[in-house]
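Below is one structure; the comments refer to it alone.
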Amino acid sequence: MTLRSLALAATFTALLATPTIAQDADTTSPTAQTIALEMFSEASRSLRAGDMESARRLMQAALDLKPGHPAVLRALVTIATRAERADDGFEALETMAAAGLAFEPTDETIALLDAADADRLADIRLALSRNETPVGNGEIVARINRPDALIEGVAVDIETDRIFVSSVTERDILMLEPFARDEPVVFADRDDGLWSVFGLFVDDRTRMLWAASGSVDQTPLADGEAGGTALFAFDLVSGELYRRYTIDGAVQLADFVVRDGSVYISDSQAPRVYKLDNVSGELEVLSEDPRFVSLQGVALARGALYVADYSMGIWRIDLTDGSASLVRTNETSLIGIDGLRQTRDGRLIAVRNGARPHQVMAIDLDPTGVEVAHVDVLLRGHPAMGGDTEPTLVDLADGRAWLVANAAWPLFPADGSTPEAERPATLIVEMDLR
């Protein structure tokens, strides 16, 4: 084995890593995630032993468990190249292209496939490059020059035209008035009990601004201060904290959706989804499933709850009994979705930042709500989405969408230390969905 082969084998076991891993999952029962990780481990051992066929079969089985996963597809390309199996390499790259992913093959892969079928390779590379071409239009409506804030979430009060954004590292909620979009003022902060702030939602019915807050490595805690996680409700008029909601076993409340006074919220670090029936109620577990890996955005559509799982796709959760099933996808990859919302007519608007290219997608479900019927790319390659940044959360109202286009997560070290790289101003992009 060459040093390169050994290095490739060592990385295979980490290819399915996600930003957050469920901490409270039932580790005694196998899930798609645990089985896929074991297959990666076995593929690594097969690669080290020079058994390329076993490595290929194991990785293909992992892809069956995690359709459209870019890391699995990249691994299949690598295995095909090392085994000098051009047909396998073509198949993996064509699957990537159909999934809407972008990828640049290595020189070694290009040489192998070019010798086998230069025209087929040229078609594949063209399809992969097309997946990165700019799509859609969006207007930059706010520029937040707070480089230390690490803006994550956005919510719009359509009645007053105010925009609210959440800060992970400064532990506050900022408000942007319509006449001063580039001059944020603090609406709520750590004095209200906030840790890092993630998802936001303006509820027109209760006139509350809801916020999910928790502590991560990037959360600045004072000496002796304990971390935690909670859902906060603020009065939209006075800015006063109405109530803070907690529940035993919660690790990191992440994103949520509000409808008719009820709140549905995901836990990105525990395999649970919670529900709050009304502002005077208490958080309770709606669904707990060891198959959940890294829950993110939440949407209500077609009489069910849809929750993005960064590593698995999109879960459909029954609102009556909390049972969960993965939405069956067409060829498009649903891996790496962060923000998720729904339009009035039931389309899911998804922000994908865990796979290349970053983009905003509209997902149409079939009449049963259990399968993807069609996917449209709404925004990709926008100038605001460039650099070492990523789009995160999105809010919808009145036929429009507002997107945090360039959150600086990649520039903030995971150990919570001070970033050395220069961070750009955070840009909020507005899109017309009509």
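Under my numbering, think of the first position of the sequence shown as 447, with each following residue one higher. Every residue, glycine too, gets a C-beta built ideally from N, C-alpha and C. Note that this is a predicted model, so its numbers are computed, not measured.
Residue i - containing beta strand (DSSP E), residue span
i, result
"Ala700", "Leu699 to Arg705"
"Met621", "Ile619 to Glu623"
"Leu547", "Here Leu547 belongs to no beta strand (DSSP E), and DSSP marks it neither H nor E."
"Glu499", "From DSSP, Glu499 is part of no beta strand (DSSP E) but of the alpha helix (DSSP H) over Met498 to Leu511."
"Gly660", "Met654 to Gly660"
"Ala808", "Gln805 to Leu811"
"Val816", "Careful: Val816 lies outside any beta strand (DSSP E) and carries neither H nor E."
"Val614", "Element bounds for Val614: n/a, residue is neither H nor E."
"Ala796", "Leu794 to Arg798"
Residue environment, residue i, which counts as buried when at least 16 other CB atoms sit within 10 Å
i, result
"Ala700", "buried"
"Arg576", "exposed"
"Ile619", "buried"
"Gly782", "buried"
"Gly832", "exposed"
"Phe625", "exposed"
"Thr814", "exposed"
"Met875", "For clarity, residue 875 is Val in the given sequence; the question names Met instead. Per the 10 Å Cβ criterion, buried."
"Ala468", "For Ala468, the pLDDT reaches just 36, beneath the cut-off of 50, and the residue's location in the model is therefore unreliable, leaving the point undetermined."
"Gly845", "exposed"
"Ile604", "exposed"
Extent of the continuous alpha helix (DSSP H) to which residue i belongs
i, result
"Ala526", "Pro516 to Ala529"
"Thr541", "Ala532 to Ala544"
"Phe486", "Ala478 to Arg494"
"Arg571", "Ala564 to Arg576"
Residue i, DSSP secondary structure in three states
i, result
"Ala843", "strand"
"Leu879", "coil"
"Pro856", "helix"
"Ala455", "Residue placement at Ala455 cannot be trusted, given a pLDDT of 38 that sits under 50; what the coordinates show is reported in the next sentence. Reduced to three states, the DSSP call for Ala455 is helix."
"Pro630", "strand"
"Asp638", "helix"
"Ala867", "coil"
"Glu585", "strand"
"Ile604", "coil"
"Leu558", "helix"
"Ala830", "helix"
"Asp649", "strand"
"Asp553", "helix"
"Asp822", "strand"
"Leu596", "coil"
Residue i: CB within 8 Å of a non-hydrogen atom of the ligand FMN
i, result
"Pro476", "Only the bare structure without any ligand can be found here, which leaves the ligand FMN out of the picture."
- Task: Would you check if the segment 822 to 837 and the segment 765 to 772 touch, i.e. whether three or more CB-CB distances between them fall below 8 Å?
- Result: Cβ pair count under 8 Å is below three, so no.
Taking the runs of the beta strand (DSSP E) that are 3 residues or longer, which of them lie wholly in the segment 705 to 784? Counting only runs of at least 3 residues, the segment 705 to 784 fully encloses the following beta strand (DSSP E) elements, listed from N- to C-terminal order: 708 to 713, 718 to 722, 730 to 734, 741 to 747, 750 to 755, 759 to 763 and 770 to 772.
* Mind the definition here: the segment 867 to 878 touches the segment 852 to 859 only if three or more C-beta pairs lie below 8 Å; say whether that holds. => By the C-beta criterion, the segment 867 to 878 is judged to be in contact with the segment 852 to 859, since at least 3 inter-stretch pairs fall below 8 Å.
**Request:** Taking 8 Å as the threshold, find out whether the segment 552 to 564 comes into contact with the segment 516 to 532 through three or more Cβ pairs.
**Result:** Flag = yes, the segment 552 to 564 and the segment 516 to 532 touch.
message: Quick test of the definition: if touching needs 3 or more C-beta pairs under 8 Å, does the segment 494 to 504 touch the segment 743 to 757?
response: Cβ pair count under 8 Å is below three, so no.
message: Report the start-end ranges of each beta strand (DSSP E) in the segment 671 to 698 that is 3 residues or longer and not cut off at the edges.
response: List check, beta strand (DSSP E) in window: 675 to 681 and 687 to 691.
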